[in-house]
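Below is one structure, written out as structure tokens; comments come after it.
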């Protein structure tokens, strides 16, 4: 995470990028490493998403590379490995199916009713 000058949120943004994405796909083990980098770029801070856009971009880019290496369609590869049940991570985050199991709605259904 590029904290910019006087950045105090680099570690928490990097942490959020890692643990918010862990429950999206099935995996028997997780390993996440991040670096907070001080640069002389403009000061950064908390904003909507707070680490999730960065984490999901990295995760989906990695999944696309895996699919390409295996000669698979990225969408079908992602759908085949996506968490189907209510999974949780070592942190406080729950998978999207887990949220639905607790009474949440799926995004497509919510968009249809809007």
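In this note's numbering, the protein residues as written are 229 to 342.
By construction, the Cβ of each residue, glycine as well, lies at the ideal position given by its N, Cα and C atoms.
May I ask you to report which of helix, strand or coil DSSP gives residue i?
i, result
"residue 253", "strand"
"residue 241", "helix"
"residue 234", "coil"
"residue 247", "helix"
Please identify the residue among the options whose C-alpha is closest to the C-alpha of residue i.
i, options, result
"residue 292", "307, 244, 278, 262", "307"
"residue 240", "269, 264, 257", "264"
Rounded to whole angstroms, what's the CA-CA distance from residue i to residue j? Just pull it up for me.
i, j, result
"residue 262", "residue 294", "21 Å"
"residue 299", "residue 255", "20 Å"
Applying the criterion that 16 or more other CB atoms from any shown protein chain within 10 Å of the CB defines a buried residue, is residue i buried or exposed?
i, result
"residue 259", "exposed"
"residue 236", "exposed"
"residue 257", "exposed"
Open item on the list: Taking 8 Å as the cut-off, does the segment 248-255 touch the segment 275-293 (at least 3 CB pairs, one atom from each stretch)?
Closed with: Contact holds: three or more Cβ-Cβ distances are below 8 Å.
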